[in-house]
Amino acid sequence: MTFELLPSDVYGYENLLSDQEKAALTKLRAYLESDVRPIVNGCWERAEFPEEVVRPLAELGAYSFGWPETRPFENSAVFRGFVALEIARVDASVATFVGVQNGLACGTISATGSQEQRDEWLPRLASGEIVGAFGLTEPLSGSDAAQGLRTTATRDGDVWRLNGAKRWIGNATFSDIAIIWAKDTADGQVKGFIVHTDAPGYTATKIEGKISLRAVQNADIMLDNVVVAERNRLQNANSFKDAATVLRLTRAEVSWAAVGTAMGAYEAAVAYSKERMQFGKPIGGHQLVQDLLVKSLGNITASLAMVVRVSQMLDEGSQRDEHSALAKLYTTARMRESVAWCRELFGGNGIVLSYDVARFFSDAEAIYSYEGTQEMNTLIVGRTITGQAAFV
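Residue numbers (this note's numbering): 3 to 394.
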């Protein structure tokens, strides 16, 4: 297979990748086009996740590239960003699944687990043998998780007892493990735990009626005196700052997915503009249609420049919280604009799933909100600019 630049990457940022990275990306793209794109509209409509994609994506490295214990070859953060982008430009729900499995589950264990925990869990997650979830958000605690976390963990000899509730937890209806963040009743610090989802007292109930990311299996989790062995406490997760370290990394990945979602809508709109006839010619020959496409491409290109640089900074070791926060708030806002313009181009057909753009339009709303709202990321960046925290 020959590597080809995406038509929506007009400045050729993919040329920054090595030949090995381009080859891996080409294989991933081919699988997504042949096996994922044909099924995602049906899955979205039925609110079902296509579990048959879990293992093939693992074989293509979607969950393994970032970790020394599992990566098939040395690779860059820019390449890993393009992996997230490629998946999102086909389907944001599948991209979100991968983001949870890779960025949140693997990422938490990599960043806050002991070497023994990394050796035990990362290969199993990276291979798709098991599915992971990440439980931080609660019914009454989202943006204020640093202070408002209500789930508790109480030490009892060689085990911990967890009690509380989590909400909006992706993958949770079919995951094998969940990373659960809970406040230690002894010292008041937030700690992380690897929880087996078949443990007594653990229940996950699917959240119904969503209008965005419908194929993602979000759940309400209840923890009723769930027993977790001390060896499954993440050994280097001892405060909320450790959880925030993970979120800084995953916000950058969400930014890449936002660019991919905008690209998916844009590419669908370009194709439609060439085939839809009105007033005796393709609608792409009309000025106002071209205006929508050009504005969308401008947003995509500016956002792509930002996420490429943020990922380069990660490789350089210079990426900070405000860098990923600025990328997340900017790219998701531009995505939201772009998918709306692209949907507008379709007219009435823009609300029909078979044209794809309606799915991208709807899914953008969740991406805009999760992994830190626009407001919270603004305050993170604002604190850096002014030196003053304005969260409350």
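All C-beta atoms in this analysis are idealised placements derived from N, C-alpha and C, irrespective of residue type, glycine included.
Everything numeric in this text was worked out from a predicted model, so none of it was measured.
query                                                                                                                                                                         : result
Taking the alpha-carbon of residue 345 as reference, which of 264, 97 and 316 has the nearest alpha-carbon?                                                                   : 264
Under the three-state reduction of DSSP, which class applies to residue 337: helix, strand or coil?                                                                           : helix
Spatial neighbours of residue 237 within its chain, please: C-beta separation below 7 Å, excluding the five flanking residues on both sides.                                  : 115, 116 and 119
With C-beta atoms as the reference, is residue 312 less than 8 Å away from residue 371?                                                                                       : no
Quick check: residue 89 and residue 34, are their CB atoms within less than 8 Å of each other?                                                                                : yes
Short check: CB of residue 136 to CB of residue 53, under 8 Å?                                                                                                                : no
Which partner residues of residue 181 appear in the DSSP bridge assignment?                                                                                                   : 136 and 196
Cα separation between residue 389 and residue 381?                                                                                                                            : 11 Å
Pull up the DSSP beta-bridge partners for residue 207, would you.                                                                                                             : 222
Quick one: Cα of residue 112 to Cα of residue 282, how far?                                                                                                                   : 58 Å
Quick one: what does DSSP say residue 69 is sitting in, helix, strand or coil?                                                                                                : coil
Closest to residue 243 by CA distance: which of 205, 191 and 214 is it?                                                                                                       : 191
Rounded to the nearest angstrom, how far is the Cβ of residue 91 from that of residue 262, given a contact under 8 Å?                                                         : 4 Å
From the DSSP secondary-structure annotation, give me the bridge partner or partners of residue 168.                                                                          : 223
Cα separation between residue 335 and residue 44?                                                                                                                             : 27 Å
Per DSSP, what are the beta-bridge partners of residue 230 in this structure?                                                                                                 : 162
Quick one: what's got a C-beta closer than 7 Å to residue 325's C-beta in the same chain, skipping five residues either side?                                                 : 312 and 315
What residue range is occupied by the uninterrupted alpha helix (DSSP H) comprising residue 395?                                                                              : The structure shown does not extend to residue 395, since the chain spans only 3 to 394, so no value can be given for it.
Since residue 280 sits in a beta bridge, which residues does DSSP pair it with?                                                                                               : 283
Which of the three DSSP states, helix, strand or coil, is assigned to residue 186?                                                                                            : strand
By DSSP, does residue 235 sit in helix, in strand, or in coil?                                                                                                                : strand
In angstroms with no decimal places, state the Cα-to-Cα distance between residue 65 and residue 307.                                                                          : 24 Å
Compare the C-alpha of residue 358 against each of 93, 22 and 55 and name the closest.                                                                                        : 93
When the Cα of residue 2 is compared with those of 83, 80, 274 and 171, which residue comes out closest?                                                                      : This structure cannot speak to residue 2, because the chain is shown only from 3 to 394.
Any idea what DSSP makes of residue 241, helix, strand or coil?                                                                                                               : coil
By the 10 Å Cβ neighbour count, where 16 or more other Cβ atoms means buried, how is residue 160 classified, buried or exposed?                                               : exposed
Can you tell me whether residue 112 is helix, strand or coil according to DSSP?                                                                                               : helix
Nearest CA to the CA of residue 106: which residue from 272, 354 and 246?                                                                                                     : 246
Please tell me whether residue 217 and residue 95 are closer than 8 Å, where the distance is taken between their beta carbons.                                                : yes
Can you tell me which of 224, 79 and 353 puts its alpha carbon nearest to the alpha carbon of residue 319?                                                                    : 79
In the structure shown, what three-state DSSP assignment does residue 82 receive?                                                                                             : helix
Evaluate residue 440 with the Cβ neighbour count: other Cβ atoms within 10 Å of its Cβ, from every protein chain shown; 16 or more gives buried, anything less gives exposed. : Absent from the structure is residue 440, since the part of the chain shown begins at 3 and ends at 394.
Once DSSP output is grouped into helix, strand and coil, what is the label at residue 28?                                                                                     : helix
Buried or exposed for residue 168, going by 16 or more other Cβ atoms inside 10 Å?                                                                                            : buried
Between the segment 223 to 233 and the segment 190 to 204, are three or more C-beta pairs nearer than 8 Å?                                                                    : yes
Pick from 355, 272, 149 and 165: whose alpha carbon is nearest that of residue 292?                                                                                           : 272
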